[in-house]
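Only one structure is covered here, and it is reproduced in the block below.
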Amino acid sequence: MGDNQNLLAEQRRALILDEVRRRGGVRVNELTRKLHVSDMTVRRDLDALARQGVIEKVHGGAVPVVEASTHEPGFEAKSSIETSAKEQIALAAAALAQPGSAIALSGGTTTFALARQLTDIPGLTVVTNSVRVADVFHAAQAGTSPLAQPGGTGATVVLTGGVRTPSDSLVGPVADQAIRSLHFDVLFIGVHGISVQAGLSTPNLAEAETNRCFVQAARRVVVVADHTKWGTVGLSSFASLDEVDALVTDSGLSAGARAEIAEQLPELVVAGEQNGSYPDGARGAGS
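Just remember that the numbering used here sits 171 ahead of the position in the sequence shown, which is counted from 1.
Following this line, the structure appears as structure tokens:
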């Protein structure tokens with residue numbers, strides 16, 4: 172029963188966030204009528220969203236947080252956001268990695284969670300610009316990770332060089348040159364923001380160029396991003412949505428966002444749901 176209540180709360184908060192972003196602000200009394208819940212429930216939801224840093228509470232309601240497009244939180248700060256959603260996304264995305272394939276993992280907390288789910292897939296070649304992702308595979312092979320399998324998986328891990336960002340990614344010309352010389356079956360990439368207009372974006376200019384190299388080197392591009400990333404725009408775009416093959420996200424994604432994604436992407440995977448996840452039987456572009 173508790174799990175159902177939590178799920179309902181997450182869905183309700185996603186609807187509230189969608190409404191705040193779409194309209195530029197909402198009042199508590201409007202939300203109580205729209206959602207058919209009590210004033211106290213709405214205020215608890217607004218408190219939870221404010222703690223996540225995605226809205227700002229004002230007298231009688233809430234407005235969206237307008238974050239500077241150049242702001243880049245550190246790895247530890249991002250790790251505390253949407254933790255359960257990231258773990259669910261990681262489980263769903265791991266099913267898209269085939270034994271013996273060459274995959275790339277960008278930096279970020281969602282790809283870090285994904286790396287922990289990939290350590291028991293045999294024969295992978297993993298290219299990453301994340302020191303933390305590389306450490307996950309090293310710990311599994313050394314037997315020091317609780318996820319390590321007996322004898323390890325034998326994954327070959329290639330860590331690019333480069334300059335370290337606040338989110339512990341290696342970027343810049345050294346990383347770019349290494350990535351351009353390689354070819355991947357699948358790229359799993361995390362993003363600061365994803366939107367119809369701006370595509371995939373990041374606040375870090377050098378990371379944008381390195382991510383652009385990743386996208387160009389991959390046969391298939393899979394974005395792993397929790398629902399709060401939809402509609403967010405960073406300083407620099409590095410790929411348009413028509414370069415993306417699939418988005419793996421969580422069930423907090425609103426119906427409106429799902430409808431937009433259905434028009435733009437070939438595949439949407441919503442962790443924990445039966446997929447297809449497009450509303451009303453809609454198909455993704457190109458499917």
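Quick reminder that beta carbons are idealized off the backbone N, C-alpha and C, glycines included. Model, not experiment: these values are computed from the prediction.
Between the alpha carbons of D339 and G405 lies a distance of about 17 Å. Excluding the 5 residues flanking it on each side, A221 has same chain C-beta neighbours closer than 6 Å at K228, in chain order.
Contact holds between the stretch 407–421 and the stretch 386–396, because three or more Cβ pairs, one in each stretch, are under 8 Å apart. V329 and A305 have their C-alpha atoms spaced approximately 8 Å apart. Of the candidates W401, A263, A310 and E378, W401 places its Cα closest to the Cα of V225. In this structure, S408 lies near S372, with their beta-carbon atoms less than 8 Å apart. A check of alpha carbon separations from A264 across T203, I360 and S352 identifies I360 as the nearest. E181 has its alpha-carbon roughly 15 Å from the corresponding atom of H207. P270 and S255 have their C-alpha atoms some 26 Å from each other. Closest by C-alpha distance to Q223, out of T212, P235 and R204, is P235. Counting the other Cβ atoms within 10 Å of the Cβ of K257 gives 16 or more, which makes it buried.
Remark: C-beta atoms of A311 and A284 do not approach each other more closely than 8 Å.
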